[in-house]
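Right, one structure below, let's go through it.
Protein chains in written order, with my numbering: chain A, 3 to 429; chain B, 3 to 429.
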């Protein structure tokens, strides 16, 4: 809706976005041995990779004020109202159900036990779930209300929901150790608390967040640099950009996290974004591709991490309809829904200008409708096609260092595919 | 959630449930001729029977503070949040999208005209729609988010949404004359304003509403009489029952409105409910069968009409899943969602006890789990089977006068079916 100025808004937002302290659900080191011993005796539930991403998310306070996987009251509020009402009457945005599914056998094994041990995908005991509540997992209803469709082919549904059990188990998490991935990228995984410290250290008086799950091209960079300029014009002295790629589950044809992180590094090395005023960190959430419902989650989590400006574009968290030839969501609905979402009133939404390749100026520029024919729109699909076929995109589309990362990735992918499935072309 | 007592709550609720006056969108008589002449010159949209029911609903303030069919901002809030935020920050419950669909031809004919004339199903000009906004009607998303399923066979979807156009048109209503049906039942169609007057006239200090779309059996009556007793015990001096059958669109196998009204009259005549403390009126809304989403609408509309206690039962506004052998909704979700719904905080929800036929006492009684085998549950389907086959239900299930109305109706239906389709048995 609006760009709300004034540094008073910002300061209160940096300190305390939700009227409560950030949760940290990781057990203190001194208690780990005893808690582990206690957990060993509990009935166990095995987590999938995505379940573990949610444990990570909840444990660090991104989903504040959630203390664990949703119980039924929270689940129903999330599903029907996209927000939770706290005991004191405060409305908190909570648009995605953050739930843990179990099957009949798990349910039987748990019986009436109050607490459950959660086992990570590699067999380690990662957390206790306290005071559990088990309730029905009506997948059809969850999918319909979250995505606004039940068409087959939604990536998160196929990967996470369809194979999951018919029960949900809610409870409070006590995470036994900080969640680590040991993939060489853990130093990018700053918690909301760590991000806030970093903003303080840099003496940010405004933090603007940019959510992405794609390589950064010069159109993105133009937008981010322009946003910084506008914030300076609004009177902020030190706006800091949180370049915040999503690090959890993404669909198979998205560029993998390690490649994206390397590409983002090059963009900073090449000076397209200013390292002095940019923090690059990983947002550990899995991706739902649930459009207007999910964009609220993306914004809410960043507020919890101390951001107070959020850049929202065309069709955020959207994708093509899985069975029809159209966008799944109206491209304007994400922005509209976000601007009206209960519990996100403090958020300053920054309208996203459309950037495209200006064939006259030979660079990415804000689209000028008066000379529309000079502009070339390069979609993600088009970009991937360039990289895959080894064709160079137009000069000025992306910094050369960043582009090379992508070319290398698609080359490796093709040689892999060729060696595995010689007769099949990648799509 | 809770039964909130205290007469202070009630008085404020009777006067002003939403912090604003009830709307009345019917044009004063003195202006009708000139408004009609003005409307004649506008582009026209033809209303279906159900569209007209919504014009009726909106015009009398049941959907307060809506002044007309939803524009896109209201539609999106309803769909995603089940509530609207007013300019002053007030949250108002609004769980069903109240929208008017038009097709491509209508859209073209309207062009950029600001105002549109609405034509009733019988060809009369019924209303002006002012300052219209036309936006896309994504039926799949609307259905998924409203019903939590897109399975074929949802009655409102098949009757109203599927045949409708691919655009929605919002705007402010100026209704040219009060909506009348001329079916001999208009005297039962009291507006929220008229109901409030009636409650005042009877000096009600509590009004408890009972929503139904089925004949009243002695189990319902037991519940209503018991509620009155409990309200008296809570200290209210004159609780009034609003027996409020739904009068708009219902699915084909529900008992028609005229038969239900006759049946309800007999129940009062036979003294099963006390006419002194009961007001029977028709709620002119169409039925969605959208369970937890719709029960909020049912409650909200009755608050607007001055009720402050709402009786909610098992699976309110629910039905069987259209393609699977199960209830479409969890039978407890309606009550739970209602108790947490934003904008309905003032509502006092009365838990619904389960009544069944006590074969020992030979009457409807509250179910006693300690002697479960003595109780007979008579479903709507079972009741219809009794009436259709001419078999009498157990003594004490329904007053004889009311029962005869049903028997007569099913007899007339069978002779009709026999004469029309001699080889087909009704189901």
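Every residue gets a Cβ at the ideal spot worked out from N, C-alpha and C, and that includes glycine.
Strand pairing of residue i, partner residues [DSSP]
i	result
residue 132 (chain B)	B:174
residue 314 (chain A)	A:353
residue 359 (chain B)	B:366 and B:378
residue 85 (chain A)	A:95
residue 34 (chain B)	Paired residues: none, contrary to the question.
residue 49 (chain A)	DSSP lists no partner for residue 49 (chain A).
residue 127 (chain B)	B:121
residue 169 (chain A)	A:104 and A:138
Contacting residues, own chain, Cβ-Cβ under 7 angstroms from residue i (five flanking each side not counted)
i	result
residue 72 (chain B)	80, 99, 100, 101 and 172
residue 433 (chain B)	Residue 433 (chain B) lies beyond the residue range present for chain B, which begins at 3 and ends at 429; the question has no answer from this structure.
residue 142 (chain B)	152
Where residue i sits in the DSSP three-state scheme
i	result
residue 194 (chain A)	helix
residue 327 (chain B)	coil
residue 247 (chain B)	strand
residue 213 (chain A)	strand
residue 282 (chain B)	strand
residue 68 (chain A)	coil
residue 237 (chain A)	coil
residue 145 (chain B)	helix
residue 218 (chain B)	coil
residue 75 (chain A)	helix
residue 204 (chain A)	coil
residue 137 (chain A)	strand
residue 292 (chain A)	coil
residue 404 (chain A)	helix
Whole-angstrom distance between residue j and residue i, CA atom to CA atom
i	j	result
residue 244 (chain A)	residue 206 (chain A)	11 angstroms
residue 359 (chain A)	residue 372 (chain A)	15 angstroms
residue 60 (chain A)	residue 67 (chain A)	9 angstroms
residue 19 (chain A)	residue 221 (chain B)	Low confidence applies here, because residue 19 (chain A) scores a pLDDT of 40, under 50, leaving its location unreliable and the question unanswered by this model.
residue 35 (chain B)	residue 110 (chain B)	28 angstroms
residue 44 (chain B)	residue 38 (chain B)	10 angstroms
residue 64 (chain B)	residue 305 (chain B)	9 angstroms
residue 320 (chain B)	residue 401 (chain B)	26 angstroms
residue 396 (chain B)	residue 363 (chain B)	11 angstroms
residue 42 (chain B)	residue 30 (chain B)	18 angstroms
residue 418 (chain A)	residue 411 (chain A)	11 angstroms
residue 229 (chain B)	residue 210 (chain B)	8 angstroms
residue 276 (chain A)	residue 365 (chain A)	18 angstroms
residue 312 (chain A)	residue 144 (chain A)	27 angstroms
residue 349 (chain A)	residue 208 (chain B)	42 angstroms
residue 347 (chain B)	residue 298 (chain B)	11 angstroms
residue 259 (chain A)	residue 215 (chain B)	55 angstroms
residue 430 (chain A)	residue 118 (chain B)	Since the first residue of chain A shown is 3 and the last is 429, residue 430 (chain A) is not available in this structure.
residue 263 (chain A)	residue 326 (chain A)	33 angstroms
residue 112 (chain A)	residue 286 (chain A)	29 angstroms
residue 165 (chain A)	residue 314 (chain B)	35 angstroms
residue 268 (chain B)	residue 409 (chain B)	13 angstroms
residue 390 (chain A)	residue 416 (chain A)	8 angstroms
Close-in-space but distant-in-sequence residues of the same chain around residue i (CB under 6 angstroms, 5 per side omitted)
i	result
residue 1 (chain B)	Residue 1 (chain B) lies beyond the stretch modelled for chain B, which goes from 3 to 429, so this question has no answer here.
residue 385 (chain B)	none
residue 192 (chain B)	283
residue 139 (chain A)	103, 168, 169 and 170
residue 335 (chain A)	294
8 angstroms Cβ shell around residue i - same chain, five flanking residues per side excluded
i	result
residue 128 (chain A)	49, 54, 57, 120, 121, 122, 177, 178, 179 and 181
residue 274 (chain A)	218, 220, 223, 401 and 404
residue 394 (chain A)	388 and 405
residue 84 (chain A)	95, 96, 97, 295, 298, 343 and 344
residue 133 (chain B)	116, 117, 173 and 174
Q.
To be precise: take each residue of the segment 302-332 of chain B, compare its Cβ to all Cβ atoms of chain A, and keep it if any distance is under 7 angstroms. Which residues remain?
A. Answer in chain order: 332.
Q. Listed from N- to C-terminal order along the chain, which residues in the segment 52-77 of chain A have their beta-carbon within a distance smaller than 7 angstroms of any beta-carbon of chain B?
A. Against chain B - using a Cβ distance shorter than 7 angstroms - the residues of the segment 52-77 of chain A are 75.
Q: Anything in the segment 352-383 of chain A with a Cβ closer than 8 angstroms to a Cβ of chain B? List those residues in chain order, please.
A: Residues passing the 8 angstroms Cβ filter: none.
**Q.** Under 9 angstroms (Cβ pairs) to chain B, residues found in the segment 92-115 of chain A
**A.** For the segment 92-115 of chain A, residues whose beta-carbon sits nearer than 9 angstroms to a beta-carbon of chain B comprise 93 and 97.
Q.
Closer than 8 angstroms between beta carbons: that is the criterion. Which residues of the segment 212-227 of chain B meet it against chain A?
A. Those residues of the segment 212-227 of chain B that come within reach of chain A (Cβ to Cβ, closer than 8 angstroms) do not exist; the list is empty.
Q | Contact list for the segment 179-205 of chain B against chain A, Cβ threshold 7 angstroms | A | Listed by position along the chain: nothing, the set is empty.
Q: Check each residue of the segment 112-141 of chain A: if its Cβ is closer than 8 angstroms to any Cβ of chain B, include it; give the result in chain order.
A: So the list reads 138 and 140, given in the order they occur along the chain.
**Q.** Selection of the segment 272-296 of chain B by Cβ proximity to chain A, strictly under 8 angstroms
**A.** Under the 8 angstroms Cβ criterion, the segment 272-296 of chain B contributes 294 and 295.
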